[in-house]
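Asks: Before I ask anything, let me first share the structure, which is written out below as structure tokens.
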Ligand code: ATP
């Protein structure tokens, strides 16, 4: 794995994959970098630089092969046998995540969920078995989980993160509204939906005011 590649490039490759998948469904066989760029809202030079990471090169007359790029991105982004994911916190958000991801990807599977509340455990929710916190380490090891999703309240998130890291997990997707403090070798992505909603609401008000002035 090339460590010099930034998470921004990885994020854009995932975005290109989604766009290319749509193009393939529509029957497109080739795509030019400038078309992919305008769909992804980046520059064509950026697309070409990103695709160079894959070793992909386009044909000046036809562009890039859609199926070829999809294969290259898959080979680059996905672990060959997929990766197992564990979720901690089976509240409203956790259950929504289980429902959303159930059967969605064969490469990233939420294989176990954990919660401190005994009412939430010992059952299967959207195809995923929910365990008590005392089973966390054993299940994560048994299922060779490499990614953790945190959907507990803010005050519990840091402790959960540390617990997951102790089991060997090095990637966390954090939905708790708190900045986690983690060692440098752990990758965390924070998703704060409240902050996003507030930002959109604020911008909506600003744009409404500027529209009135038009
Ligand atoms: P619900 O009403 O179903 O509990 P909620 O979305 O209101 O849902 P939250 O208070 O946001 O619940 O908590 C999310 C989940 O995190 C809950 O299922 C809760 O039991 C669990 N949880 C809270 N603290 C911990 C902890 N320290 N360890 C593990 N799970 C926890």
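In my numbering, the protein residues as written are 115 to 328.
Ideal Cβ placement from N, Cα and C applies to all residues, glycine included.
1. Could you pull the start and end residues of the alpha helix (DSSP H) that residue 252 belongs to?
2. Applying the 10 Å Cβ sphere with the 16-neighbour rule, what's the burial state of residue 115?
3. State the beta-bridge partners of residue 227 as determined by DSSP.
4. Taking the C-alpha atoms as reference points, what is the distance between residue 148 and residue 268?
5. Is residue 206 a contact residue of ligand 3, with contact defined as CB to any heavy atom under 6 Å?
6. Any idea what DSSP makes of residue 120, helix, strand or coil?
7. Tell me whether residue 149 sits in a helix, a strand or coil according to DSSP, three-state version.
8. May I have the straight-line CA-CA distance separating residue 239 from residue 228, to the nearest angstrom?
9. Please report the distance separating the alpha-carbon of residue 251 from that of residue 141.
Replies: In short:
1. 250-256
2. Note that residue 115 scores 49 on pLDDT, short of 50, meaning its location in the model is unreliable and no value can be drawn from it.
3. 201, 244
4. 42 Å
5. Of the ligands this structure carries, namely ligand 1, none is ligand 3.
6. coil
7. Of the three classes helix, strand and coil, the one that applies to residue 149 here is helix, per DSSP.
8. 11 Å
9. 46 Å
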